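One structure is given here, and the rest of the page talks about it.
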Amino acid sequence: MTTQRAEMSGRAGTRSGHDQRRHLTGLAYRLLGSAAEAEDAVQETYARWYALSPAQRDAIVSPDAWMTTVAGRVCLDQLGSARARRERYVGDWIPEPLPASNATDAADPADRVTLDESITMAFLVVLETMTPAERVALILHDVFCHPFAEIAEVVGRTPAACRQLASSARRRLRTGRPPASPDRQAELVREFKRAWEAKDIAALVGLLDPDATMTADGGGVVRAALRPIRGSERIARYVLERTAGLTILERTVNGLPGLVAQLDGVTVTVAAFDLTGDRIGHVWAVRNPEKLRLWQSTEDTPWHAVPTDRVGVPSVVEPGGLA
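Numbering (full-length UniProt numbering), first residue to last: 1 to 323.
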(Lines of atoms letter the chains of each structure in order from A; the text may use other names.)
(Lines give C-alpha, C1' and ligand atoms only; values in the text may rest on other atoms or scores of the structure.)
Protein backbone atom coordinates (compact mmCIF):
# COMPACT_ATOMS: atom_id res chain seq x y z
CA MET A 1 0.00 0.00 0.00
CA THR A 2 2.32 2.74 -1.22
CA THR A 3 0.65 5.51 -3.21
CA GLN A 4 1.92 8.96 -2.26
CA ARG A 5 4.88 10.52 -0.48
CA ALA A 6 4.26 11.29 3.18
CA GLU A 7 5.07 14.81 4.20
CA MET A 8 6.40 13.80 7.60
CA SER A 9 8.19 10.48 7.90
CA GLY A 10 8.84 10.71 11.62
CA ARG A 11 5.15 10.86 12.51
CA ALA A 12 3.03 7.70 12.23
CA GLY A 13 0.96 8.45 9.14
CA THR A 14 -0.29 11.50 7.28
CA ARG A 15 -3.69 11.71 9.00
CA SER A 16 -3.84 13.61 12.26
CA GLY A 17 -2.91 11.45 15.23
CA HIS A 18 -6.53 11.35 16.41
CA ASP A 19 -7.96 10.47 12.98
CA GLN A 20 -5.36 7.84 12.27
CA ARG A 21 -5.82 6.06 15.58
CA ARG A 22 -9.60 6.28 15.16
CA HIS A 23 -9.28 4.71 11.71
CA LEU A 24 -7.06 1.87 12.92
CA THR A 25 -9.16 1.21 16.03
CA GLY A 26 -12.37 1.13 14.00
CA LEU A 27 -10.80 -1.31 11.55
CA ALA A 28 -9.41 -3.55 14.29
CA TYR A 29 -12.65 -3.58 16.32
CA ARG A 30 -14.72 -4.63 13.32
CA LEU A 31 -12.24 -7.34 12.46
CA LEU A 32 -11.80 -8.69 16.00
CA GLY A 33 -15.10 -7.91 17.76
CA SER A 34 -13.23 -6.83 20.88
CA ALA A 35 -12.25 -3.33 21.95
CA ALA A 36 -9.44 -4.70 24.13
CA GLU A 37 -8.00 -6.83 21.33
CA ALA A 38 -8.42 -3.96 18.89
CA GLU A 39 -6.37 -1.67 21.11
CA ASP A 40 -3.67 -4.34 21.34
CA ALA A 41 -3.60 -4.61 17.55
CA VAL A 42 -3.30 -0.84 17.17
CA GLN A 43 -0.52 -0.70 19.74
CA GLU A 44 1.35 -3.46 17.88
CA THR A 45 0.94 -1.53 14.63
CA TYR A 46 2.44 1.61 16.13
CA ALA A 47 5.21 -0.43 17.73
CA ARG A 48 6.19 -1.83 14.35
CA TRP A 49 6.15 1.64 12.81
CA TYR A 50 8.44 3.13 15.43
CA ALA A 51 10.70 0.07 15.31
CA LEU A 52 11.68 1.19 11.80
CA SER A 53 14.71 3.40 11.38
CA PRO A 54 14.14 7.00 10.24
CA ALA A 55 15.49 6.04 6.82
CA GLN A 56 13.05 3.12 6.56
CA ARG A 57 10.11 5.32 7.53
CA ASP A 58 11.20 7.97 5.03
CA ALA A 59 11.24 5.33 2.27
CA ILE A 60 7.57 4.45 2.86
CA VAL A 61 5.53 6.39 0.31
CA SER A 62 2.25 6.31 2.29
CA PRO A 63 2.55 5.75 6.05
CA ASP A 64 -1.25 5.67 6.39
CA ALA A 65 -1.52 2.84 3.89
CA TRP A 66 1.46 1.05 5.44
CA MET A 67 -0.16 1.13 8.87
CA THR A 68 -3.50 -0.07 7.53
CA THR A 69 -1.72 -3.00 5.88
CA VAL A 70 0.15 -3.87 9.07
CA ALA A 71 -2.97 -3.51 11.24
CA GLY A 72 -4.88 -5.75 8.84
CA ARG A 73 -2.17 -8.41 9.00
CA VAL A 74 -1.98 -8.22 12.80
CA CYS A 75 -5.76 -8.68 13.00
CA LEU A 76 -5.68 -11.52 10.47
CA ASP A 77 -3.14 -13.34 12.64
CA GLN A 78 -5.22 -12.67 15.76
CA LEU A 79 -8.38 -13.96 14.07
CA GLY A 80 -6.70 -17.28 13.45
CA SER A 81 -5.74 -17.75 17.09
CA ALA A 82 -9.02 -16.23 18.31
CA ARG A 83 -11.03 -18.88 16.48
CA ALA A 84 -9.20 -21.60 18.40
CA ARG A 85 -9.73 -19.78 21.71
CA ARG A 86 -13.42 -19.29 21.02
CA GLU A 87 -13.85 -22.99 20.38
CA ARG A 88 -12.77 -23.50 24.01
CA TYR A 89 -14.92 -20.63 25.28
CA VAL A 90 -17.51 -21.53 27.91
CA GLY A 91 -20.93 -20.99 26.31
CA ASP A 92 -21.59 -18.65 23.40
CA TRP A 93 -19.05 -15.96 22.47
CA ILE A 94 -20.61 -12.56 21.71
CA PRO A 95 -18.64 -9.56 20.42
CA GLU A 96 -17.73 -7.02 23.09
CA PRO A 97 -20.49 -4.37 23.24
CA LEU A 98 -19.61 -0.71 22.84
CA PRO A 99 -21.40 2.11 24.66
CA ALA A 100 -22.01 5.56 23.27
CA SER A 101 -19.84 8.33 24.65
CA ASN A 102 -19.91 12.09 24.93
CA ALA A 103 -16.13 12.14 25.35
CA THR A 104 -14.21 14.43 23.06
CA ASP A 105 -10.64 13.52 23.94
CA ALA A 106 -10.84 9.91 22.64
CA ALA A 107 -8.95 8.62 25.65
CA ASP A 108 -10.76 5.29 25.40
CA PRO A 109 -10.22 2.94 22.44
CA ALA A 110 -13.90 2.66 21.67
CA ASP A 111 -14.26 6.44 21.63
CA ARG A 112 -12.33 6.20 18.39
CA VAL A 113 -14.78 3.87 16.62
CA THR A 114 -17.16 5.64 14.26
CA LEU A 115 -20.75 4.42 14.45
CA ASP A 116 -22.50 3.06 11.37
CA GLU A 117 -24.37 -0.08 10.37
CA SER A 118 -21.10 -2.04 10.35
CA ILE A 119 -20.77 -1.66 14.12
CA THR A 120 -24.16 -3.09 15.15
CA MET A 121 -24.24 -6.31 17.12
CA ALA A 122 -26.23 -8.07 14.40
CA PHE A 123 -23.57 -7.19 11.81
CA LEU A 124 -20.69 -8.26 14.06
CA VAL A 125 -22.37 -11.58 14.83
CA VAL A 126 -22.67 -12.33 11.10
CA LEU A 127 -18.98 -11.49 10.71
CA GLU A 128 -18.24 -14.29 13.16
CA THR A 129 -19.58 -16.81 10.61
CA MET A 130 -17.00 -15.74 8.01
CA THR A 131 -13.46 -16.97 7.49
CA PRO A 132 -10.76 -14.53 8.66
CA ALA A 133 -9.84 -13.73 5.03
CA GLU A 134 -13.49 -13.06 4.09
CA ARG A 135 -13.89 -10.80 7.07
CA VAL A 136 -10.77 -8.79 6.26
CA ALA A 137 -11.67 -8.45 2.57
CA LEU A 138 -15.23 -7.33 3.32
CA ILE A 139 -14.35 -4.79 6.02
CA LEU A 140 -11.41 -3.26 4.17
CA HIS A 141 -13.28 -2.99 0.87
CA ASP A 142 -16.93 -2.39 1.73
CA VAL A 143 -16.52 -0.43 4.97
CA PHE A 144 -13.17 1.33 4.53
CA CYS A 145 -13.17 1.53 0.72
CA HIS A 146 -9.72 0.08 0.09
CA PRO A 147 -9.12 -1.34 -3.41
CA PHE A 148 -8.61 -5.07 -3.82
CA ALA A 149 -5.03 -4.51 -5.00
CA GLU A 150 -4.22 -3.15 -1.53
CA ILE A 151 -6.25 -5.80 0.28
CA ALA A 152 -4.23 -8.45 -1.56
CA GLU A 153 -1.17 -7.25 0.34
CA VAL A 154 -2.93 -7.87 3.64
CA VAL A 155 -4.35 -11.35 3.02
CA GLY A 156 -1.55 -12.60 0.76
CA ARG A 157 -3.79 -13.42 -2.21
CA THR A 158 -4.40 -11.99 -5.66
CA PRO A 159 -6.77 -9.03 -6.12
CA ALA A 160 -9.16 -11.33 -8.00
CA ALA A 161 -9.18 -13.79 -5.10
CA CYS A 162 -9.84 -10.93 -2.67
CA ARG A 163 -12.79 -9.83 -4.81
CA GLN A 164 -14.20 -13.35 -4.51
CA LEU A 165 -13.66 -13.33 -0.75
CA ALA A 166 -15.64 -10.10 -0.40
CA SER A 167 -18.37 -11.46 -2.68
CA SER A 168 -18.67 -14.60 -0.54
CA ALA A 169 -18.85 -12.48 2.60
CA ARG A 170 -21.62 -10.33 1.10
CA ARG A 171 -23.70 -13.43 0.37
CA ARG A 172 -23.60 -14.26 4.07
CA LEU A 173 -24.76 -10.74 4.90
CA ARG A 174 -27.63 -10.90 2.43
CA THR A 175 -29.14 -13.80 4.34
CA GLY A 176 -29.76 -11.34 7.18
CA ARG A 177 -32.64 -8.94 7.49
CA PRO A 178 -32.46 -5.27 6.53
CA PRO A 179 -31.71 -3.04 9.53
CA ALA A 180 -34.71 -1.82 11.48
CA SER A 181 -35.51 1.82 12.07
CA PRO A 182 -33.67 3.07 15.18
CA ASP A 183 -36.84 4.88 16.23
CA ARG A 184 -38.88 1.68 16.05
CA GLN A 185 -36.17 -0.25 17.86
CA ALA A 186 -36.08 2.42 20.57
CA GLU A 187 -39.84 2.10 21.00
CA LEU A 188 -39.75 -1.69 21.28
CA VAL A 189 -36.75 -1.75 23.61
CA ARG A 190 -38.35 0.86 25.86
CA GLU A 191 -41.51 -1.26 26.03
CA PHE A 192 -39.36 -4.32 26.77
CA LYS A 193 -37.77 -2.43 29.67
CA ARG A 194 -41.16 -1.43 31.09
CA ALA A 195 -42.49 -4.98 30.83
CA TRP A 196 -39.33 -6.36 32.45
CA GLU A 197 -39.59 -3.92 35.35
CA ALA A 198 -43.33 -4.61 35.75
CA LYS A 199 -42.75 -8.38 35.52
CA ASP A 200 -45.42 -8.47 32.84
CA ILE A 201 -44.86 -11.76 31.03
CA ALA A 202 -47.74 -11.25 28.61
CA ALA A 203 -46.31 -7.89 27.52
CA LEU A 204 -42.83 -9.39 27.03
CA VAL A 205 -44.19 -12.26 24.96
CA GLY A 206 -46.11 -9.79 22.82
CA LEU A 207 -42.94 -7.77 22.11
CA LEU A 208 -40.93 -10.83 21.06
CA ASP A 209 -41.23 -12.64 17.75
CA PRO A 210 -42.63 -16.15 18.37
CA ASP A 211 -39.36 -17.62 17.06
CA ALA A 212 -37.11 -15.11 18.85
CA THR A 213 -33.71 -16.18 20.15
CA MET A 214 -31.73 -14.98 23.12
CA THR A 215 -27.98 -15.57 23.44
CA ALA A 216 -26.04 -14.93 26.65
CA ASP A 217 -22.29 -14.63 27.21
CA GLY A 218 -20.88 -15.17 30.68
CA GLY A 219 -17.54 -16.52 29.53
CA GLY A 220 -17.55 -19.09 32.34
CA VAL A 221 -16.94 -16.22 34.79
CA VAL A 222 -20.55 -15.53 35.81
CA ARG A 223 -23.77 -17.47 35.37
CA ALA A 224 -25.17 -17.40 31.85
CA ALA A 225 -27.21 -19.70 29.64
CA LEU A 226 -24.77 -21.95 27.79
CA ARG A 227 -27.05 -22.36 24.79
CA PRO A 228 -29.40 -19.98 22.98
CA ILE A 229 -32.92 -19.73 24.42
CA ARG A 230 -35.56 -20.03 21.71
CA GLY A 231 -39.18 -18.94 21.69
CA SER A 232 -40.88 -15.81 23.02
CA GLU A 233 -42.44 -17.38 26.11
CA ARG A 234 -39.24 -19.15 27.19
CA ILE A 235 -37.26 -15.94 26.80
CA ALA A 236 -39.86 -13.91 28.71
CA ARG A 237 -39.88 -16.35 31.62
CA TYR A 238 -36.10 -16.49 31.66
CA VAL A 239 -35.83 -12.70 31.78
CA LEU A 240 -38.39 -12.34 34.56
CA GLU A 241 -36.54 -14.84 36.72
CA ARG A 242 -33.67 -12.37 36.81
CA THR A 243 -35.00 -9.04 38.05
CA ALA A 244 -34.19 -8.95 41.79
CA GLY A 245 -32.29 -5.83 42.77
CA LEU A 246 -31.63 -4.70 39.22
CA THR A 247 -31.82 -1.21 37.78
CA ILE A 248 -32.60 -1.26 34.06
CA LEU A 249 -31.29 1.65 31.98
CA GLU A 250 -31.86 2.71 28.39
CA ARG A 251 -28.50 2.95 26.65
CA THR A 252 -27.05 2.98 23.15
CA VAL A 253 -25.36 -0.36 22.44
CA ASN A 254 -23.22 -0.51 19.30
CA GLY A 255 -25.07 2.42 17.81
CA LEU A 256 -28.62 1.20 18.46
CA PRO A 257 -31.04 1.33 21.40
CA GLY A 258 -30.29 -1.31 24.01
CA LEU A 259 -30.49 -1.90 27.75
CA VAL A 260 -28.05 -2.04 30.63
CA ALA A 261 -28.75 -3.88 33.89
CA GLN A 262 -26.97 -2.64 36.99
CA LEU A 263 -26.72 -4.16 40.45
CA ASP A 264 -25.74 -1.70 43.18
CA GLY A 265 -24.46 0.69 40.53
CA VAL A 266 -22.30 -1.90 38.77
CA THR A 267 -23.12 -2.90 35.19
CA VAL A 268 -23.73 -6.66 35.16
CA THR A 269 -25.45 -7.09 31.79
CA VAL A 270 -25.53 -5.23 28.48
CA ALA A 271 -28.33 -6.26 26.13
CA ALA A 272 -28.40 -5.62 22.38
CA PHE A 273 -31.44 -6.21 20.21
CA ASP A 274 -32.34 -7.02 16.63
CA LEU A 275 -35.82 -6.82 15.14
CA THR A 276 -37.77 -9.29 13.04
CA GLY A 277 -40.46 -7.31 11.30
CA ASP A 278 -42.29 -5.37 13.99
CA ARG A 279 -41.06 -7.44 16.94
CA ILE A 280 -37.83 -8.27 18.72
CA GLY A 281 -36.19 -11.20 16.97
CA HIS A 282 -32.93 -11.55 18.89
CA VAL A 283 -31.50 -10.49 22.22
CA TRP A 284 -27.76 -10.65 22.97
CA ALA A 285 -27.01 -10.44 26.70
CA VAL A 286 -23.33 -9.89 27.48
CA ARG A 287 -22.46 -10.71 31.11
CA ASN A 288 -18.79 -11.59 30.96
CA PRO A 289 -17.24 -8.89 33.22
CA GLU A 290 -14.13 -8.78 31.02
CA LYS A 291 -16.36 -7.43 28.24
CA LEU A 292 -18.11 -4.89 30.47
CA ARG A 293 -15.13 -2.87 31.71
CA LEU A 294 -15.96 0.01 29.40
CA TRP A 295 -19.49 0.16 30.78
CA GLN A 296 -18.42 0.77 34.37
CA SER A 297 -17.42 4.40 33.73
CA THR A 298 -19.95 5.57 31.15
CA GLU A 299 -22.13 8.53 32.00
CA ASP A 300 -25.81 7.95 32.68
CA THR A 301 -26.91 9.13 29.25
CA PRO A 302 -30.03 7.56 27.68
CA TRP A 303 -29.90 6.72 23.99
CA HIS A 304 -31.98 9.66 22.79
CA ALA A 305 -29.37 12.10 24.15
CA VAL A 306 -26.27 10.40 22.72
CA PRO A 307 -24.37 11.69 19.67
CA THR A 308 -24.58 9.19 16.81
CA ASP A 309 -21.11 9.72 15.45
CA ARG A 310 -19.01 8.18 18.20
CA VAL A 311 -18.99 5.32 20.64
CA GLY A 312 -17.15 4.88 23.94
CA VAL A 313 -15.95 1.95 26.11
CA PRO A 314 -16.29 2.83 30.29
CA SER A 315 -14.25 -5.62 38.20
CA VAL A 316 -15.46 -8.56 38.54
CA VAL A 317 -19.17 -8.38 39.32
CA GLU A 318 -21.57 -10.36 41.41
CA PRO A 319 -24.19 -12.53 39.69
CA GLY A 320 -27.21 -10.64 38.42
CA GLY A 321 -28.90 -9.46 35.25
CA LEU A 322 -29.65 -11.69 32.29
CA ALA A 323 -27.72 -14.88 33.06
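Glycine included, C-beta positions come from ideal geometry on N, C-alpha and C. These numbers come from a predicted model, not from an experiment.
Fewer than three Cβ pairs drawn from the region 62–69 and the region 79–99 lie within less than 8 Å of each other, which leaves the two stretches out of contact.
Taken in chain order, the unbroken stretches of alpha helix (DSSP H) that lie wholly in the region 166–246 and span 4 residues or more are 182–198, 201–207, 232–240. Residue environment for H282: buried (at least 16 other C-beta atoms within 10 angstroms of its C-beta). In the DSSP assignment, D274 forms a beta bridge with H282. Here G26 carries a helix assignment [DSSP, helix/strand/coil].
Cβ neighbours of M121 within its own chain (closer than 6 Å, five residues either side excluded): N254, A272, W284.
For L263, the enclosing beta strand (DSSP E) begins and ends at 256–263. Counting of Cβ neighbours within 10 angstroms places L208 among the buried residues, the total reaching 16 or more. Here Q78 is buried, its C-beta having at least 16 other C-beta atoms within 10 Å.
CA-to-CA, the gap between L31 and L259 works out to about 24 Å. Each residue's CA atom was taken as its position, placing S118 and D58 some 34 Å apart.
Between R172 and T131, the C-beta gap is not smaller than 7 Å, which leaves the two residues out of contact. Note on geometry: alpha-carbon atoms of Y50 and Q20 lie some 15 Å from one another.
Contact between D142 and A161 is ruled out by a C-beta separation of about 16 Å, above the 8 Å threshold. In the DSSP assignment, P99 forms a beta bridge with V253. Restricting attention to A212, G277, A82, L292, the CA atom closest to the CA of R230 is found in A212. Only exposed fits L226, as fewer than 16 other CB atoms lie within 10 angstroms of its CB. Taking a C-beta distance under 7 Å as the contact criterion, A224 and L246 do not qualify as a contact pair.
Here V266 is bridged, per DSSP, to L263.
Taking each of A137, A84, L294 in turn and checking the Cα distance to V268, the smallest one comes out for L294.
Annotated three-state conformation of I139 is helix, per DSSP.
Taking V155 as reference, the option from R135, G26, C145 with the minimal CA-CA separation is R135. Less than 7 Å divides the Cβ of I248 from the Cβ of E197.
Beta-carbon to beta-carbon, L138 and A169 are separated by about 4 Å, close enough to satisfy the 8 Å threshold.
When DSSP reads this structure, I248 sits in a beta bridge with A261. 7 Å or more divides the Cβ of A38 from the Cβ of A47. The three-state secondary structure of L32, taken from DSSP, is helix. Rounded to the nearest whole angstrom, the C-alpha separation of T69 and H146 is 10 Å.
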